[in-house]
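Below is one structure, written out as structure tokens; the observations come after it.
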Amino acid sequence: MVEAGFAITDITPPVGAHIPGGFSPITSTGVNDPLRVRAAVIRDENTALAIVGVDAVSLSTEDVLEARQRAEALCAVPSANIVIAASHTHTGGPANDVLGTDSDEHYRRHIIQQIASAIALAQTRCVPCELGWGVGEAAGLAWNRRWVLKDGTHATHANPEDDAVIGRAGPDDPQVVLLAARDLDGRILGFVGNFTCHCTLRGGRAFSADYPGAWSDQLEHITGAPLVFLNGAMGDVTQVNRDKGFAYPQKGEPVIRRFANKLTGESLKLLADMNFTDDVTLGVASEVIDIPFRKPDAEQLAQDRITVEKASPDDYSREVVFARERLLLQEYIDKHGTARCEVICLRLGELAIASSPGQMFCAFGLAMKEQSPFPATMVVSLANGNIGYVPTAEAIAKGGYEPTLCRGSRSAPEAGDLIVAASVRLLRQLT
């Protein structure tokens, strides 16, 4: 017999805390909607799994490991069986060091505790249940933001009407994958939902969970059950569409509502046709791989030191920010050598979850889904820590924003293929 429980805890920072995601610190002036941790615990007599979504731009690998250990100490879910994923909201709190914004140690400790508490609370709410899953589509919400130019290079957020632009440089993924749990009386307990798009819709100086929070809240308003959000391979996918004739809003409350309405509508369609069963095989397989770094060259670092020495502390120009980033990256490389990349795959019946700590480019997510032996697979970015952007080798060679060398984009060109290979290998182990 399978059991499931869901819980929500709050991680909204105090007003005045910084919002990360930009080149300079953004001081918050209010709260548009709360930031939360949403957790699901699904278990049978042999295996207990936890799936956690966090309204944060990213979480450090060290913080994720500590949160998992604390959760294990509070309840019967093994640390190795816990997937913790950041939504990548750009209007979250200072949960990690991002470009010009440093994390806040006190806030990070609070998130760690709230993750552990959410998992422990979800476990106490576990009741016998049935699980169901469905795969749908929410087209017209998100697009690849990289473009091919006539000179062979790539640019991020180029204007498609520019004569130098040939076409999009990569795919998008409109697939919606939904897992639902209901008790034996038919009451929905909660959902796990997977969609692929940067959380850059809201903007501004107020804290917001962006579209994942709106999707979860709207679905909970209708069904009484929360949704744990897992972002897909969204490293090069955003809501911005600059094609001529595109008439929908792309920033602020109107686009948040559009996303929430469309994702909720698709969720309800999937729920209406969902087949539920209590005959569910649970499983977990994981592997830690070492990801090589792209390294700043000595000449560049020497110039970066000069740039930083000449700059004032409050200079957040692109040149200065990336100079600082490369210097900090070199310190990190000297200390760690390689990046710890933990790939965790879960099986929940005929549905699989493949999670890893990078902002994977969309092509990698589609490759995982295509090679997965399961009928449905959720690909999850920024889970089990954070190794930054994972661009394709072509993207690294052709340029654009995402491959720009910094702490948030440091992986070697082969990183994506290594993660895909490990994910597929683990998924096959679970069959």
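At the far end of the sequence shown sits residue 1062, using the working numbering, and the numbering has no gaps. Yeah, the Cβ is synthetic: ideal placement off N, Cα and C, and Gly gets one too. Every value quoted in this text rests on a predicted model; they were computed, and no experiment measured them.
Where do the N-terminal and C-terminal ends of the alpha helix (DSSP H) with residue i fall, by residue?
{"i": "TYR963", "result": "949 to 967"}
{"i": "ASP1048", "result": "1046 to 1060"}
{"i": "SER943", "result": "No alpha helix (DSSP H) contains SER943, which DSSP labels as neither H nor E."}
{"i": "LEU997", "result": "993 to 1002"}
{"i": "PHE860", "result": "Looking at the DSSP string, PHE860 is not in any alpha helix (DSSP H); the run it does join, the beta strand (DSSP E), is 858 to 862."}
{"i": "GLY1039", "result": "Per DSSP, GLY1039 belongs to no alpha helix (DSSP H) and is neither H nor E."}
{"i": "THR854", "result": "841 to 854"}
{"i": "GLY896", "result": "884 to 903"}
{"i": "THR1008", "result": "Looking at the DSSP string, THR1008 is not in any alpha helix (DSSP H); the run it does join, the beta strand (DSSP E), is 1007 to 1011."}
{"i": "ARG674", "result": "That residue, ARG674, is in no alpha helix (DSSP H); its beta strand (DSSP E) goes 667 to 674."}
{"i": "ALA812", "result": "Segment 806 to 814 is the beta strand (DSSP E) holding ALA812; no alpha helix (DSSP H) there."}
{"i": "ALA744", "result": "Before going further, note that residue 744 is Gln rather than Ala in the sequence given. Per DSSP, GLN744 belongs to the alpha helix (DSSP H) from 736 to 755."}
{"i": "GLU792", "result": "Note, GLU792: premise wrong, no alpha helix (DSSP H); not H, not E."}
Is the beta carbon of residue i sitting closer than 8 Å to the one on residue j?
{"i": "ASP867", "j": "PHE992", "result": "yes"}
{"i": "ARG756", "j": "TRP778", "result": "no"}
{"i": "PRO1004", "j": "LEU1049", "result": "no"}
{"i": "PHE637", "j": "ALA681", "result": "no"}
{"i": "ALA749", "j": "CYS706", "result": "no"}
{"i": "LEU913", "j": "LEU820", "result": "no"}
{"i": "ARG818", "j": "GLU761", "result": "no"}
{"i": "ARG776", "j": "VAL871", "result": "yes"}
{"i": "LEU772", "j": "PHE890", "result": "yes"}
{"i": "ASN677", "j": "VAL915", "result": "no"}
{"i": "HIS829", "j": "THR854", "result": "no"}
{"i": "GLU962", "j": "VAL919", "result": "no"}
{"i": "GLY723", "j": "ALA687", "result": "yes"}
{"i": "THR692", "j": "ARG971", "result": "yes"}
Tell me which same chain residues have a C-beta within less than 6 Å of the C-beta of residue i, skipping the five on either side of it?
{"i": "ASP935", "result": "ALA954, ARG957 and LEU958"}
{"i": "PHE924", "result": "ILE964 and ARG1041"}
{"i": "LEU901", "result": "GLY765, GLY767 and LEU809"}
{"i": "PHE995", "result": "ALA864, GLY1047 and VAL1051"}
{"i": "LYS1029", "result": "THR784 and HIS785"}
{"i": "ALA1024", "result": "PRO1044"}
{"i": "ALA998", "result": "VAL1051"}
{"i": "PRO759", "result": "MET632, GLU634 and LEU815"}
{"i": "VAL939", "result": "ALA954 and ARG955"}
What are the start and end residues of the beta strand (DSSP E) that includes residue i?
{"i": "GLU768", "result": "758 to 768"}
{"i": "ASN825", "result": "819 to 826"}
{"i": "GLY1019", "result": "1019 to 1021"}
{"i": "GLN700", "result": "From DSSP, GLN700 is part of no beta strand (DSSP E) but of the alpha helix (DSSP H) over 692 to 705."}
{"i": "ASP782", "result": "Segment: none, ASP782 is in no beta strand (DSSP E) and carries neither H nor E."}
{"i": "GLY798", "result": "796 to 799"}
{"i": "SER917", "result": "913 to 922"}
{"i": "GLY636", "result": "634 to 641"}
{"i": "THR981", "result": "Sequence check: residue 981 is Glu here, not Thr. Looking at the DSSP string, GLU981 is not in any beta strand (DSSP E), and its letter there is neither H nor E."}
{"i": "LEU680", "result": "679 to 685"}
{"i": "ALA717", "result": "713 to 717"}
Compare the Cα-Cα distances from residue i to each of the options and report the closest residue.
{"i": "SER898", "options": "GLU736, GLU768, GLN754 and GLU973", "result": "GLU768"}
{"i": "LEU655", "options": "ALA773, THR938 and TYR947", "result": "Looking at the sequence shown, residue 655 is not Leu but Ser. The option with the nearest alpha carbon to SER655 is TYR947."}
{"i": "ILE922", "options": "TYR1020, SER718, GLU851 and ALA773", "result": "TYR1020"}
{"i": "ASN906", "options": "ASN775, ALA994, GLU981 and LEU850", "result": "GLU981"}
{"i": "LYS882", "options": "ALA681, PRO644 and HIS721", "result": "HIS721"}
{"i": "GLN1002", "options": "VAL859, GLY896 and ALA1053", "result": "ALA1053"}
{"i": "TYR842", "options": "GLY876, VAL886 and ASP794", "result": "VAL886"}
{"i": "VAL714", "options": "GLN1060, GLY1031, ASN1017 and ALA1043", "result": "ASN1017"}
{"i": "GLY1039", "options": "MET999, GLY821, GLU1045 and LEU960", "result": "LEU960"}
{"i": "VAL708", "options": "VAL859, VAL1055, ILE673 and LEU861", "result": "ILE673"}
{"i": "PRO802", "options": "PRO1022, GLN754, ASP945 and ARG699", "result": "PRO1022"}
{"i": "PRO857", "options": "THR1008, THR640, CYS976 and ALA998", "result": "THR640"}
{"i": "VAL729", "options": "SER689, LEU932 and ASP904", "result": "SER689"}
{"i": "THR831", "options": "VAL939, SER718 and THR938", "result": "SER718"}
{"i": "VAL683", "options": "ARG701, VAL823 and HIS788", "result": "VAL823"}
{"i": "SER659", "options": "TYR738, ARG836, ALA811 and ALA702", "result": "ARG836"}
{"i": "GLN849", "options": "ALA942, ARG888, TYR879 and GLY723", "result": "ARG888"}
{"i": "PRO1034", "options": "LYS1000, LEU977, GLN990 and GLN700", "result": "GLN990"}
{"i": "CYS976", "options": "ARG1056, GLN931, ASP904 and PRO1006", "result": "ARG1056"}
I'd like the list of long-range same chain contacts for residue i, defined as Cβ closer than 7 Å, with 5 residues on each side in sequence excluded.
{"i": "ARG873", "result": "ASN790 and PRO791"}
{"i": "THR643", "result": "VAL662, PRO665, LEU666 and PHE838"}
{"i": "LEU894", "result": "ALA769, VAL807, PHE826 and TRP846"}
{"i": "LYS926", "result": "ILE964"}
{"i": "VAL695", "result": "ILE715, ASN1015 and GLY1016"}
{"i": "PRO645", "result": "none"}
{"i": "VAL739", "result": "Reading off the sequence shown, one finds Arg at residue 739, where the question assumed Val. So the list reads ASP694 and ALA726, once near-sequence residues are dropped."}
{"i": "VAL754", "result": "The identity of residue 754 in the sequence shown is Gln, whereas the question assumes Val. Here the set comprises GLY636, VAL672, CYS706, ALA707 and VAL708."}
Keeping to the same chain, check which residues put their C-beta closer than 8 Å to that of residue i; ignore five residues upstream and five downstream.
{"i": "GLU697", "result": "ILE743"}
{"i": "THR732", "result": "HIS649, ILE650, PRO651, GLY652, GLY653, SER655, PRO656, ILE657 and PRO725"}
{"i": "THR969", "result": "ASP921, ILE922, PRO923 and PHE924"}
{"i": "ASP904", "result": "GLY765"}
Using a Cβ-Cβ distance under 8 Å, would residue i count as near chain B?
{"i": "LEU1061", "result": "This model lacks chain B altogether; it includes just one protein chain."}
- [ ] Could you tell me whether the stretch 976 to 990 touches the stretch 999 to 1012, using the rule of 3 or more Cβ pairs below 8 Å?
- [x] yes
Open item on the list: Does the structure place the stretch 744 to 755 close enough to the stretch 771 to 790 that three or more beta carbon pairs sit under 8 Å?
Closed with: no
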